[in-house]
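The numbering of the sequence shown is the working numbering, which starts it at 4 and goes up by one. From the three backbone atoms N, C-alpha and C, an ideal C-beta is built for every residue, glycine too. Report on the structure given below.
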Amino acid sequence: MGRWLEVGPPIHRSLCLPHQKWEAAFQPQSGDRVAISGAGDGHIEVRELETEDVTHICTCHEKRVKRIATVPTQPNHFYSASEDGTVIGVDSVLWNAAWMNGNKDLQLLAGTERC
């Protein structure tokens, strides 16, 4: 059973997401149309909310994703923190280039710091 993510003010749309999502954030400058979510299985998904399509999946963490952080002035970057002690920064421009070249499941893009 999935969890519900409320989208828009106050509830423009809701959708049932697979897996147990622990953290979600809207991609900056996307008009709240793109959500980044972290799950209990360590996966990160980027999802187009209008179509409900998953555009990217990252199995970057070994344990639950605790936080997703974005930078309003850098809409192509986001960061995730996990219970496995890692903080990962992702540049979605590089991610998109790799995705278009057939790498659908990226393990690590920007770097890892053990906390």
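Cβ-Cβ separation between Glu48 and Val37: approximately 11 Å, too far for a contact (criterion under 8 Å). Gly45 and Val68 have their C-alpha atoms roughly 5 Å apart. Secondary structure note for Gln30: it is in no beta strand (DSSP E), with a DSSP letter that is neither H nor E. Here Asp35 is not bridged, per DSSP, to any residue. Non-local beta-carbon contacts of Pro75 in its own chain, meaning distances under 6 Å to residues more than five positions away in sequence, involve Pro31 in chain order. Looking at the DSSP output, His64 bridges to nothing.
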